[in-house]
Amino acid sequence: MKGIITLTVMNRPGVLNRITNLFSKRSYNIESITVGGSEQENISRITVVVQVQNETEIEQMTKQLNKQIDVIKVTDITGQAMVARELALIKVTASTQARAEIYSLIEPFRGSVVDISRDSLVIQITGEADKIEAFIELLRPYGIKELARTGTTAFLRGTQRSQGVKNISIV
Amino acid sequence: MQKSALAECKDEVLLKSGADILLESLKKEEVELIFGYPGGAVLPIYDSLYDAGIPHILARHEQGAIHAAEGYARITGKPGVVIATSGPGATNIVTGLADALIDSIPLVVFTGQVATGVIGSDAFQEADVLGITTPITKHNYQVRDPKDFPRIIKEAFYIASSGRPGPVLIDVPKDMAVLPAQAEEEPVINLPGYQPTTTPNYLQIKKLSEALSQAKKPLILAGAGILFAKAHDSLRAFAEQQNIPVVHTLLGLGGFPADHSLFIGMAGMHGCYAANMGLTDCDLLINIGARFDDRLTGNLKHFAPNAAVAHIDIDPAEIGKNVPTQIPIVGDAKEALDLLIAQEGGKPESSAWITQLHEWNEAHPYRYKRTSGKLLPQYVLQLLHSQTGGEAIVTTDVGQHQMWAAQYYGFNKPHAWVTSGGLGTMGFGLPAAIGAQLAQPDATVAAVLGDGGFQMTLQELGVIAEHKLPIKIIVINNHALGMVRQWQETFYNERYSHSIFTSQPSFVKLAEAYGIKAYEIKTEKEAEERMAEALSLKEPVLLDFHVEQMEKVYPMVAPGKGLHEMEGV
Ligand SMILES: Cc1ncc(C[n+]2csc(CCOP(=O)(O)OP(=O)(O)O)c2C)c(N)n1
């Protein structure tokens, strides 16, 4: 299964290394990891999407992350109501004949064309990972020349349908 | 004009070198001893150390320094302090850091580093120490501004010794030790992400207390967490109040008195039959400060199959990691035990169970048979026990002798057993004894070593001789890497691939070269006399016991087997 863990961490040298180390030490496969600023100065937010066998593995991972001194908070948001977004840049072969067809695909996915050359287009698309995957599959037949995905960044929605957040802090 | 000269002079008074600030910070932490080895990148620190008034033990190898610091930390409960130079000095302490992390030993380790201006340029003796040590430290720092020394050092000692203890490393670029700075007098710890829970959840305590009143076959598994929390008295009071039998992990030995009627023995791969059957048969297992290591549990499928499991641990990540746990209690072992003692629940009906455990112990004690005319290793450990009345501090190396020491040296008091458990680090025993003896100069300290492991760090004999540390060095000399040989005999068709020493130095002459008294011993009579002599002397003595090579450590839970499937019972 896929787990999503978000962390807030002190923005100090070596923090990212400590975190990715933990995943490799326990041989969990990171599917994506995004790092960036947060609403607080000197505190970064990290979103990790990880492939695990079961819930226990995510719980163990969460606890190990929590043990890191520079990690302030760890939240396992797998299966929670969340806002999750990823951005992808896709350079697709686009002959003049195919262009109109490709444009018609971009529209419903609310992508946008950010660069055009004689024989290719660069499309930017944001959304949940599933949507991006579907879009990529649609484009594949035209010939994808280059693909760059940022990985998911996410946090919980303001209102939760489920019975509250599984917030594994230190206790 | 005059005014600015005054200001300058005032500045001079306030500014100190990073190295001076470092050492002052160590004094504030009441550091009484440093273990280390100098080199280029730490020359400024050693220069300040020259007249700083903190004693320093010059090891003969950085690995010796860090294992000595581990021994010191185990005995005192205070962080051991180590200094090593950059590059090779730092890489030489890697084994000790990994050892300390897995066995939760508090250390504060300083490594030199090349100057900030050349970091990353593959400068002379540069190594990425933060990168190398990240997975084997509880936390690490690199100093980027000399005025941060007081805060970083204060944080390092706090992190190393609180919560689940562990090693903290501080990498010090050479210019950071030289640059003048104004030290903060009262540094403020800034660790928003680190708040170890020590007070247990009361509801869980109640739940455990209720479970106890229902239990018929309760059992306490006590690990080294008891020792770190200084919870030995509370453990005893709780076990006695509730009439619960106790088994120990390898690292927990001494947390509960071995001669107590509720003590069943050590559990695990080379534990006793009764302890392992107890774990298999109990209906309520109370783990206090142990991490359900695989050498303790055997095959998890067969581990405590009928038991409700309660687990008291300061580290929440240990709870439920290996064994599903119904009653999780995150907190300090002593606080938890004291709360449990104060509960007013009913006692378990455990007397039939205790009788059963004792019967198992009587039917299947640790035993050995004289097969050849040769001295037997188990006998030597029994002798050490009887001649020291179980009162010595015992350090060991790793291998068969370690297991025999655990089996035959009954520890009646805490903080007397120093062994490398989780990492199983050969070369640990001799330097660890140095740290232990320095921690308790008047105690009898015995270093029980295999002839293999002894040869990994024997250069530290130099430290023992220099400081006249009265350590009794007990070499269990089977002319083999005994534990490897045993596994090859049992699991690899007696194909003794590179486990038998065909050439060995005279350990007696070697010790004598250091000015240390030494005897070779081949008979029980010699053993008794020399052991008594050695223990009576206030000086180091090496006793080289030539023992039967083919002895095996029994009983044993073979790898992959359950605890109930012991061989050689
Ligand atoms: C640094 C290190 N290298 C290798 C091992 C693997 N090992 C475990 S026990 C053992 C044999 C130890 O032999 P010795 O020190 O003579 O002790 P004995 O088992 O004979 O008592 C070895 C090689 C280890 N634990 N540590």
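Protein sequence lines correspond, in order, to chains V and X.
Note that the first sequence covers residues 2 to 172 in our numbering.
Note that the second sequence covers residues 40 to 608 in our numbering.
Idealized CB from N, CA, C, for every residue including glycine.
Extent of the continuous alpha helix (DSSP H) to which residue i belongs
| i | result |
| --- | --- |
| Q61 of chain V | 56 to 68 |
| L378 of chain X | 372 to 381 |
| F493 of chain X | 490 to 496 |
| L157 of chain V | Here L157 of chain V belongs to no alpha helix (DSSP H); instead the beta strand (DSSP E) covers 154 to 157. |
| Y197 of chain X | 188 to 200 |
| E505 of chain X | 500 to 505 |
| F467 of chain X | Counting along the chain, F467 of chain X falls outside any alpha helix (DSSP H), and DSSP gives it neither H nor E. |
| H440 of chain X | 439 to 447 |
7 angstroms Cβ cut-off: residues of chain V touching residue i
| i | result |
| --- | --- |
| L169 of chain X | G15 |
| H178 of chain X | I70 |
Beta strand (DSSP E) segment containing residue i, residue limits
| i | result |
| --- | --- |
| P416 of chain X | Unbroken run through P416 of chain X is the alpha helix (DSSP H), 416 to 427; no beta strand (DSSP E). |
| L106 of chain V | From DSSP, L106 of chain V is part of no beta strand (DSSP E) but of the alpha helix (DSSP H) over 97 to 110. |
| E32 of chain V | 30 to 38 |
| R46 of chain V | 44 to 52 |
| A89 of chain V | 83 to 94 |
Residue i, buried or exposed, once every other Cβ within 10 Å from all chains shown has been counted against 16
| i | result |
| --- | --- |
| G159 of chain X | exposed |
| N67 of chain V | buried |
| R46 of chain V | buried |
| T464 of chain X | buried |
| I6 of chain V | buried |
| E224 of chain X | exposed |
| S542 of chain X | exposed |
| F302 of chain X | buried |
| M62 of chain V | buried |
| V419 of chain X | buried |
| I488 of chain X | Sequence inspection shows Leu at residue 488 of chain X; the Ile mentioned does not correspond to that position. The residue is buried, with at least 16 neighbouring Cβ atoms inside 10 Å. |
| Q69 of chain V | buried |
| K186 of chain X | buried |
| F163 of chain X | exposed |
| K55 of chain X | buried |
| N168 of chain V | Because the pLDDT of N168 of chain V is 47, which lies under 50, any placement of that residue in the model is unreliable, and the number read from its coordinates should be weighed accordingly. Answer is exposed; the Cβ neighbour count stays below 16. |
| S273 of chain X | buried |
| H537 of chain X | exposed |
Check: residue i C-beta below 8 angstroms from any heavy atom of ligand 3
| i | result |
| --- | --- |
| R524 of chain X | In terms of ligand content, the structure shown lacks ligand 3 and carries ligand 1 instead. |
Where residue i meets chain V, residues with beta-carbon distance less than 9 angstroms
| i | result |
| --- | --- |
| I198 of chain X | I70 |
| Q152 of chain X | Simply none; closest approach about 13 angstroms. |
| Q181 of chain X | P14, G15 |
| K245 of chain X | Per Cβ cutoff of 9 angstroms: no residues; K245 of chain X is ~16 angstroms from chain V at best. |
Close Cβ partners of residue i (< 6 angstroms) along its chain, the five nearest in sequence each way excluded
| i | result |
| --- | --- |
| A375 of chain X | P239, I351, I368 |
| M522 of chain X | G438, Q439 |
| V85 of chain V | Sequence inspection shows Ala at residue 85 of chain V; the Val mentioned does not correspond to that position. E129, T153, A155. |
| K413 of chain X | E587 |
| H287 of chain X | A261, M305 |
| L462 of chain X | A137, D138, I141 |
| Q41 of chain X | Residue confidence for Q41 of chain X is low, a pLDDT of 47 falling below 50, so the modelled location carries little weight; the figure read from the coordinates is stated next. Closer than 6 angstroms at Cβ, skipping near neighbours: no residue. |
| K246 of chain X | I366 |
Where residue i meets chain V, residues with beta-carbon distance less than 8 angstroms
| i | result |
| --- | --- |
| Y241 of chain X | Per Cβ cutoff of 8 angstroms: no residues; Y241 of chain X is ~12 angstroms from chain V at best. |
| A356 of chain X | Q61, K64, Q65, N67, K68 |
| K507 of chain X | The contacting residues do not exist; K507 of chain X stays about 40 angstroms from chain V at best. |
Cutoff 8 angstroms; reference residue i; Cβ partners in own chain excluding five residues on either side
| i | result |
| --- | --- |
| I73 of chain X | L65, L88, I93, P94, H95, I96, V120, V121, I122 |
| E32 of chain V | K3, V50, V51, Q52, G152 |
Close Cβ partners of residue i (< 7 angstroms) along its chain, the five nearest in sequence each way excluded
| i | result |
| --- | --- |
| Y553 of chain X | L500, G501, A504 |
| P219 of chain X | L54, K55, S56 |
| I91 of chain X | Checking the displayed sequence, the identity of residue 91 of chain X turns out to be Ala instead of Ile. Taken in chain order, the residues that qualify are L62. |
Closer than 9 angstroms at the beta carbon, the chain X residues around residue i
| i | result |
| --- | --- |
| N18 of chain V | L169, G170, T173 |
Contact list for residue i against chain X, beta-carbon separation under 8 angstroms
| i | result |
| --- | --- |
| I31 of chain V | Ordered by position in chain X, no residue passes the 8 angstroms Cβ test against I31 of chain V, which lies about 16 angstroms from the chain. |
| M11 of chain V | P231, G232 |
Proximal residues of chain X, C-beta to C-beta of residue i below 7 angstroms
| i | result |
| --- | --- |
| N22 of chain V | T173, P174 |
| I73 of chain V | P231, G232 |
**Prompt:** Are the stretch 136 to 153 of chain V and the stretch 90 to 102 of chain V in contact at 8 angstroms, needing three or more beta carbon pairs?
**Reply:** yes
**Message:** Can you confirm whether the stretch 139 to 147 of chain X touches the stretch 466 to 474 of chain X when touching is taken to mean that 3 or more C-beta pairs between the two stretches lie within less than 8 angstroms?
**Reply:** no
**Asked** Is it true that the stretch 566 to 573 of chain X meets the stretch 295 to 313 of chain X, where meeting means three or more beta-carbon pairs spaced less than 8 angstroms apart?
**Response** no
**Message:** With a threshold of 8 angstroms, are at least 3 pairs of Cβ atoms found where one atom belongs to the stretch 502 to 521 of chain X and the other to the stretch 477 to 494 of chain X?
**Reply:** yes
**Message:** Quick check: the stretch 415 to 430 of chain X against the stretch 328 to 337 of chain X, are at least 3 beta-carbon pairs closer than 8 angstroms?
**Reply:** no
**Message:** Quick check: the stretch 172 to 190 of chain X against the stretch 205 to 214 of chain X, are at least 3 beta-carbon pairs closer than 8 angstroms?
**Reply:** yes
**Message:** Closer than 8 angstroms is the cut-off here; do at least three beta carbon pairs connect the stretch 526 to 542 of chain X with the stretch 375 to 393 of chain X?
**Reply:** No, the stretch 526 to 542 of chain X does not touch the stretch 375 to 393 of chain X.
**Asked** Is it a yes or a no for the stretch 129 to 138 of chain X touching the stretch 98 to 107 of chain X, going by three-plus beta-carbon pairs under 8 angstroms?
**Response** yes
**Message:** When you compare the stretch 588 to 596 of chain X with the stretch 401 to 416 of chain X, are there three or more beta-carbon pairs, one atom per stretch, that lie closer than 8 angstroms?
**Reply:** yes
**Message:** Can you confirm whether the stretch 525 to 533 of chain X touches the stretch 443 to 462 of chain X when touching is taken to mean that 3 or more C-beta pairs between the two stretches lie within less than 8 angstroms?
**Reply:** Segments in contact, no.
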